[in-house]
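Some notes on the structure that comes next.
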Amino acid sequence: MASIIVYYSRRGENYVSGAIQNLAVGNTQAVAQRLAALTGAALFQLEPCQSYSDQYDLCIQQAQDDQRRDARPALKRLPESLADYDTIYLGYPNYWGTMPMCVFTFLEAFDFTGKTICPFCTHEGSGLGRSEGDIRRLCPGAKVARGLAIHGSTVCREERALEAWIKGGM
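Read left to right, the sequence shown gives residues 266 to 435 (this note's numbering).
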């Protein structure tokens, strides 16, 4: 069986090391691309039909509003099937202590029974938050591996941590 990396990432203004910076490539995308290079897994980017703002302050307000409403934002597309994959690497930034709500949309669209979900997130101090528990709740038939939390400000320097996680730290 094969692996796939499904991720949500946002470029534009991001909070990095205590300051707002404009990123051409989102931190989670940078990790997902490196993970693909290390594993050979296929990549699939989740894209909400209604994108979050490129402006950081507005983005976090929109994300919090989605969470308060328990929204399930529509996605532009989903993978046709996950039948050929036994391992799903799931990447996302930590938004308000968990995954962006569009990741919930993805998780509720498939039956993950018998699959292994390996969560990884980028953050600026809040780690994985409650996202691992949320994944377990949404995907009761899946094995949820130990997640990897990477500071967004250090994504380019986390090669060893990523390799260790892939090789068995999961």
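Glycine included, C-beta positions come from ideal geometry on N, C-alpha and C.
Because the structure is a prediction, the values reported are computed rather than measured.
Check: Considering Ile-382, what are the terminal residues of the beta strand (DSSP E) in which it resides?
Finding: Here residue 382 refers to the residue found at position 117 when the sequence shown is read from its first residue. 381-388 is the span of the beta strand (DSSP E), which, as asked, contains Ile-382.
Check: Should Asn-287 go down as buried or exposed, given a rule of 16 or more other Cβ atoms within 10 Å for buried?
Finding: Here residue 287 refers to the residue found at position 22 when the sequence shown is read from its first residue. That one is exposed.
Notebook entry, point to check: Do you know whose CA, among Leu-340, Leu-347 and Asp-349, lies nearest Cys-367's CA?
Noted result: As a first step, residue 367 must be located in the sequence shown, where it is residue number 102. The shortest C-alpha separation from Cys-367 is found at Leu-340.
Next item on the list: Determine the closest residue to Tyr-360 out of Tyr-317, Ala-295 and Ala-410, with distance taken between C-alpha atoms.
Entry: As a position in the sequence shown, residue 360 is number 95, starting the count at 1. In terms of CA proximity to Tyr-360, Tyr-317 leads the group Tyr-317, Ala-295 and Ala-410.
Next item on the list: Between the Cα of Ile-269 and those of Arg-402, Arg-334 and Asp-349, spot the shortest distance and give me the residue it belongs to.
Entry: Reading the sequence shown from its first residue, position 4 is the one you call residue 269. Nearest C-alpha to Ile-269: Asp-349.
Next item on the list: Please name the residue in Ile-325, Trp-430, Phe-371 and Glu-345 whose C-alpha comes closest to that of Ala-414.
Entry: In the sequence shown, the residue the question calls residue 414 occupies position 149. Looking at Ile-325, Trp-430, Phe-371 and Glu-345, the one whose alpha-carbon comes closest to that of Ala-414 is Trp-430.
Check: Counting only runs that start and end within the stretch 323-366, where is the beta strand (DSSP E) found for 3 or more residues in a row?
Finding: Within the stretch 323-366, the complete beta strand (DSSP E) segments at least 3 residues long are 350-358, listed from N- to C-terminus.
Next item on the list: Could you name the residues of the same chain whose beta carbon sits closer than 8 Å to that of Leu-347, not counting the 5 residues immediately before and after it, in chain order?
Entry: For this step, residue 347 is matched to residue 82 along the sequence shown. Listed in chain order, the non-local C-beta contacts of Leu-347 below 8 Å within the same chain comprise Ile-269, Ile-353, Phe-375, Phe-377 and Lys-380, local neighbours out to five positions each way being set aside.
Notebook entry, point to check: Which residue comes first and which comes last in the beta strand (DSSP E) that contains Gly-277?
Noted result: Locating residue 277 in the sequence shown gives position 12, where the first residue counts as 1. Its beta strand (DSSP E) spans residues 277-281.
Notebook entry, point to check: Counting pairs of Cβ atoms below 8 Å between the stretch 405-420 and the stretch 277-285, do you hit three or more?
Noted result: Yes: the two stretches touch, three or more of their Cβ pairs being nearer than 8 Å.
Note to self: So, under 8 Å CB-CB, Cys-386 and Gly-406 are touching, yes? Tell me the CB distance rounded to an integer number of Å.
What the structure shows: Walking along the sequence shown from the start, residue 386 turns up at place 121. Walking along the sequence shown from the start, residue 406 turns up at place 141. Incorrect: roughly 22 Å between the Cβ atoms, too far for contact.
Next item on the list: Using 10 angstroms around the beta-carbon of Gly-433, count the other beta-carbons present and answer buried if the total reaches 16, otherwise exposed.
Entry: The residue you call residue 433 lines up with position 168 of the sequence shown. The residue in question, Gly-433, is exposed, as its Cβ has fewer than 16 Cβ neighbours within 10 Å.
Notebook entry, point to check: Can you name, in chain order, every residue of its own chain whose Cβ lies under 8 Å from the Cβ of Glu-424, other than the five neighbours on each side?
Noted result: Here residue 424 is taken as the residue at index 159 of the sequence shown, counted from 1. Shown here for Glu-424: same chain residues with a beta carbon closer than 8 Å to its own, the five before and five after excluded, namely Arg-299 in chain order.
Item checked: Rounded C-alpha distance that separates Phe-369 from Arg-337 -> By 1-based counting over the sequence shown, the position of residue 369 is 104. By 1-based counting over the sequence shown, the position of residue 337 is 72. Distance between the alpha carbons of Phe-369 and Arg-337: 7 Å.
Notebook entry, point to check: In terms of residues, what are the limits of the beta strand (DSSP E) holding Ser-268?
Noted result: Position 3 of the sequence shown, counted from the start, is the residue given in the question as residue 268. Residues 267-272.
Notebook entry, point to check: Where does the unbroken alpha helix (DSSP H) through Ala-307 begin, and where does it stop?
Noted result: Within the sequence shown, the letter at position 42 stands for residue 307. Here Ala-307 belongs to no alpha helix (DSSP H); instead the beta strand (DSSP E) covers 307-310.
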